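Okay, so here's the structure we're looking at.
There are 2 protein chains.
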Amino acid sequence: MTYLIDGLQYANFSEKVFRQMREGGVDAVHVTVAYHETMPELIGNLCQWNRWFEQFSDLIVRATSAADVRAAKDSGRTAILFGLQTAHPIADDIGLIEILHQLGIRIMQLSYNNQSLLATGCYEDEDPGLTRFGKQAVAEMNRVGLVVDMSHSADRSTLEAIEASTRPITISHANPAWWHPAKRNKSDEVLSALTDAGGFLGFSVYPHHLKDGSACTLDSFCGMIAEAASRYGAQNLGIGTDLCQDQPDSIVEWMRVGRWSKVIDYGEGSASNAGFPPMPSWFEDNRHFGNIRDGLLAAGLAAGDVDGIMGNNWLRFFEESFGPAPAT
Amino acid sequence: MTYLIDGLQYANFSEKVFRQMREGGVDAVHVTVAYHETMPELIGNLCQWNRWFEQFSDLIVRATSAADVRAAKDSGRTAILFGLQTAHPIADDIGLIEILHQLGIRIMQLSYNNQSLLATGCYEDEDPGLTRFGKQAVAEMNRVGLVVDMSHSADRSTLEAIEASTRPITISHANPAWWHPAKRNKSDEVLSALTDAGGFLGFSVYPHHLKDGSACTLDSFCGMIAEAASRYGAQNLGIGTDLCQDQPDSIVEWMRVGRWSKVIDYGEGSASNAGFPPMPSWFEDNRHFGNIRDGLLAAGLAAGDVDGIMGNNWLRFFEESFGPAPAT
Numbered sequence: 001m002t003y004l005i006d007g008l009q010y011a012n013f014s015e016k017v018f019r020q021m022r023e024g025g026v027d028a029v030h031v032t033v034a035y036h037e038t039m040p041e042l043i044g045n046l047c048q049w050n051r052w053f054e055q056f057s058d059l060i061v062r063a064t065s066a067a068d069v070r071a072a073k074d075s076g077r078t079a080i081l082f083g084l085q086t087a088h089p090i091a092d093d094i095g096l097i098e099i100l101h102q103l104g105i106r107i108m109q110l111s112y113n114n115q116s117l118l119a120t121g122c123y124e125d126e127d128p129g130l131t132r133f134g135k136q137a138v139a140e141m142n143r144v145g146l147v148v149d150m151s152h153s154a155d156r157s158t159l160e161a162i163e164a165s166t167r168p169i170t171i172s173h174a175n176p177a178w179w180h181p182a183k184r185n186k187s188d189e190v191l192s193a194l195t196d197a198g199g200f201l202g203f204s205v206y207p208h209h210l211k212d213g214s215a216c217t218l219d220s221f222c223g224m225i226a227e228a229a230s231r232y233g234a235q236n237l238g239i240g241t242d243l244c245q246d247q248p249d250s251i252v253e254w255m256r257v258g259r260w261s262k263v264i265d266y267g268e269g270s271a272s273n274a275g276f277p278p279m280p281s282w283f284e285d286n287r288h289f290g291n292i293r294d295g296l297l298a299a300g301l302a303a304g305d306v307d308g309i310m311g312n313n314w315l316r317f318f319e320e321s322f323g324p325a326p327a328t
Numbered sequence: 001m002t003y004l005i006d007g008l009q010y011a012n013f014s015e016k017v018f019r020q021m022r023e024g025g026v027d028a029v030h031v032t033v034a035y036h037e038t039m040p041e042l043i044g045n046l047c048q049w050n051r052w053f054e055q056f057s058d059l060i061v062r063a064t065s066a067a068d069v070r071a072a073k074d075s076g077r078t079a080i081l082f083g084l085q086t087a088h089p090i091a092d093d094i095g096l097i098e099i100l101h102q103l104g105i106r107i108m109q110l111s112y113n114n115q116s117l118l119a120t121g122c123y124e125d126e127d128p129g130l131t132r133f134g135k136q137a138v139a140e141m142n143r144v145g146l147v148v149d150m151s152h153s154a155d156r157s158t159l160e161a162i163e164a165s166t167r168p169i170t171i172s173h174a175n176p177a178w179w180h181p182a183k184r185n186k187s188d189e190v191l192s193a194l195t196d197a198g199g200f201l202g203f204s205v206y207p208h209h210l211k212d213g214s215a216c217t218l219d220s221f222c223g224m225i226a227e228a229a230s231r232y233g234a235q236n237l238g239i240g241t242d243l244c245q246d247q248p249d250s251i252v253e254w255m256r257v258g259r260w261s262k263v264i265d266y267g268e269g270s271a272s273n274a275g276f277p278p279m280p281s282w283f284e285d286n287r288h289f290g291n292i293r294d295g296l297l298a299a300g301l302a303a304g305d306v307d308g309i310m311g312n313n314w315l316r317f318f319e320e321s322f323g324p325a326p327a328t
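Line by line, the protein sequences are chains A and B.
With the numbering used here, letter number 52 in the first sequence gets 52, and the count goes up by one each step, no holes.
With the numbering used here, letter number 171 in the second sequence gets 171, and the count goes up by one each step, no holes.
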């Protein structure tokens with residue numbers, strides 16, 4: 001059985017997008033349910049997802065485990081797994097980590113571009129590493145089975161999270177800086193440390209993370225993945241598209257600025273390119289995963305490695321990561 | 001296998017109380033996790049319970065299903081099931097009903113003494129029945145598997161909830177008014193309608209609900225249960241002690257007054273008897289369920305009926321009530 005799993009999407013979700021997931025044969029998607037939201041706002045977003053699960057019960061189903069993903073595939077539906085891009089909903093309350101898990105959240109970023117109460121984001125000038133609360137939070141996340149995601153974190157914080165975590169962590173959506181040196185892409189040192197510790201990298205298709213941006217070729221993207229597989233091993237690699245399909249540009253502004261700044265921060269963009277960049281022609285929506293699969297085979301990866309990268313590796317990672325830590 | 005289950009406690013929970021549950025052989029307890037709390041305050045209470053589950057993992061375990069209760073018994077621990085005595089945490093948001101279920105809440109009262117957004121409480125002068133929101137909420141509770149509890153509701157609202165609900169509801173802690181005509185006890189009409197529809201009654205040991213109060217005899221209490229079994233059938237009856245062990249009197253004031261009144265309301269008490277009344281000598285804590293079992297046998301109930309009332313009936317009710325409604 002081969003699974004097709006996307007490790008990160010924040011589309012403007014709708015019946016159209018859910019139908020495209022089915023058309024594309026997508027078995028599971030990790031979706032972002034909050035950026036800068038407070039806990040009550042997060043709960044409001046979860047209410048919206050519950051409505052969608054009820055309205056579109058023939059297309060999507062809530063999932064909190066690898067077993068749920070398997071059951072979703074068996075029933076011809078796409079499993080939806082929840083994650084947070086910031087730790088904002090827990091504020092400074094370690095008890096809320098288990099509450100998040102009980103609400104079905106399975107992945108949480110410790111910081112998002114900026115300094116958080118837990119760790120440093122990749123746009124800060126200084127990175128003092130995991131905070132006192134951050135270290136406690138990582139241990140608690142390990143205990144309950146909430147995966148640490150460092151996609152938007154700075155290098156030192158990321159290396160310290162890899163070291164502090166007793167369970168493999170993830171960078172769910174980013175690419176190697178040796179291919180495209182964007183601030184959001186990751187150094188070889190970080191990616192080696194991540195994968196050496198069993199951690200998981202999802203390759204992003206978001207144009208700011210791609211060499212040549214929206215003009216990036218499928219060959220270039222898949223060649224990069226083949227090189228990453230030779231450096232880090234294929235077993236801890238997957239796809240995390242960062243698909244933001246159908247979102248208005250106000251959303252990328254919300255992602256970047258939240259409530260923390262009264263002036264615009266362009267993040268990966270610029271004044272002349274402030275909105276969402278156009279996706280590459282070979283990956284515009286959930287129906288295009290076949291292009292990536294074909295590209296990986298054309299790049300010379302073995303069929304088993306391609307199956308792993310397209311989803312089987314994520315499934316194994318979910319299996320090992322989402323339950324409570326084994327008793328010691 | 002016979003189970004010992006208590007359908008309602010709001011003790012000042014502590015290691016001492018949890019150890020007494022084990023000493024008493026209590027397999028499961030439905031505990032109140034909120035009265036007048038808002039959603040964030042409820043979540044804070046759930047955090048406290050998570051801490052207790054971690055600290056006292058040899059004594060208690062979180063449970064959300066009959067299967068969890070069985071597993072708890074198999075592991076020599078007491079299963080803790082969560083319920084709310086008011087609908088206050090959902091405010092006027094129907095989406096929060098499923099969120100409550102996802103947080104592990106399995107039972108919710110529609111009103112508590114006063115008028116709520118959903119139904120009328122038993123201390124109001126007027127009872128206009130289920131509100132527009134209340135009717136929608138009952139349907140949603142039926143859908144997700146959150147049990148309607150009318151213990152503190154007024155008669156018309158209760159009868160309308162029984163009628164509106166497509167799944168059996170409960171009065172988890174009250175006694176028949178024909179035995180002791182307290183405002184919180186229930187009319188024969190209500191109890192007949194409840195049990196005719198498969199609904200469940202838990203008998204309370206809270207002194208204000210007992211004939212002769214704290215001086216009530218075990219014979220009188222168990223004779224009342226035997227009479228109820230002959231009127232309503234034994235299969236929908238159980239125990240819901242309403243045990244408030246070790247709570248300071250400030251808590252009964254909170255239960256009664258919450259934030260809705262600046263003047264004291266004595267509820268079932270009085271100015272001269274404002275605090276928690278002393279429990280009857282034959283039921284002071286979780287170690288005393290054996291007295292009730294013995295009393296029921298002495299009252300002439302068949303052994304199988306006694307097993308049912310002491311816990312097996314609640315277990316069956318949990319089994320049928322806590323999952324999503326079967327597809328229609």
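Idealized CB from N, CA, C, for every residue including glycine.
Note that this is a predicted model, so its numbers are computed, not measured.
Item                                                                                                                       : Value
Cross-strand partners of N273 of chain B (DSSP beta bridge)                                                                : B:S270
3 or more residues per run - each beta strand (DSSP E) lying fully within the segment 180-249 of chain A                   : 200-203, 237-239
Whole-Å CB distance - S322 of chain B paired with R106 of chain B, under 8 Å assumed                                       : Reading off the sequence shown, one finds Phe at residue 322 of chain B, where the question assumed Ser. Contact flag correct, Cβ pair sits at about 5 Å.
Closest Cα partner of P168 of chain A within the set A:I251, A:A177, A:T158                                                : A:T158
Chain A contact for Q55 of chain B (CB, 7 Å cutoff)                                                                        : no
Where G300 of chain B falls: helix, strand or coil (DSSP)                                                                  : coil
First through last residue of the beta strand (DSSP E) which encompasses H30 of chain B                                    : 28-34
Sequence-distant residues of its chain with Cβ nearer than 7 Å to L296 of chain B (five each side left out)                : C222, I225, V306, I309
Alpha-carbon to alpha-carbon, T2 of chain A and G290 of chain A                                                            : 13 Å
Close Cβ partners of P324 of chain B (< 8 Å) along its chain, the five nearest in sequence each way excluded               : R143, V144, G145
Closest Cα partner of H208 of chain A within the set A:C216, A:A28, A:G202                                                 : A:C216
Selection from A:L103, A:G267, A:N175 that minimises the alpha carbon distance to Y123 of chain A                          : A:G267
Contact with chain B by Q102 of chain A, beta-carbon distance below 7 Å                                                    : yes
Any C-beta of chain A under 7 Å from that of I105 of chain B                                                               : no
Inter-stretch contact at 8 Å, needing at least 3 Cβ pairs: the segment 230-245 of chain B / the segment 172-183 of chain B : yes
Cβ-based contacts, 7 Å cut-off: residues of the segment 30-49 of chain B near chain A                                      : M39, P40, I43, L46, C47
Identity of the residue in B:G83, B:F82, B:R62 nearest K73 of chain B by Cα                                                : B:R62
Own chain, CB closer than 6 Å to G258 of chain A, minus 5 neighbours either side, in chain order                           : H36
Backbone CA spacing between R132 of chain B and A139 of chain B [nearest angstrom]                                         : 11 Å
7 Å Cβ cutoff met for L130 of chain A and D92 of chain A                                                                   : no
Between the CA atoms of A164 of chain A and A137 of chain A - distance to the nearest angstrom                             : 10 Å
The segment 3-17 of chain B touching the segment 66-86 of chain A, judged by at least three CB pairs closer than 8 Å       : no
Helix, strand or coil at A79 of chain B according to DSSP, with G and I counted as helix                                   : strand
At least 3 beta-carbon pairs within less than 8 Å: the segment 81-97 of chain A vs the segment 21-38 of chain A            : yes
Proximity winner among A:P128, A:D294, A:D285, A:I90, relative to I43 of chain B (alpha-carbon distances)                  : A:I90
9 Å Cβ cut-off: residues of chain A touching I99 of chain B                                                                : I43, L46, C47, N50, L103
Whole-angstrom distance between W282 of chain B and N273 of chain B, CA atom to CA atom                                    : 21 Å
Local conformation of D93 of chain A per DSSP, three classes                                                               : coil
Buried versus exposed, by CB contacts within 10 Å (16 or more), G202 of chain A                                            : buried
Cβ-Cβ distance between G121 of chain B and N113 of chain B below 7 Å                                                       : yes
Residue burial classification, I5 of chain A (beta-carbon count within 10 angstroms, cutoff 16)                            : buried
Range of the contiguous alpha helix (DSSP H) that encloses Q55 of chain B                                                  : 39-55
Residues that K281 of chain A bridges to, as DSSP identifies them                                                          : The sequence given here has Ser at residue 281 of chain A, not Lys. According to DSSP, which records beta bridges pairwise, S281 of chain A is partnered with nothing at all.
Pair within 7 Å by beta-carbon distance, Q247 of chain B and N12 of chain B                                                : yes
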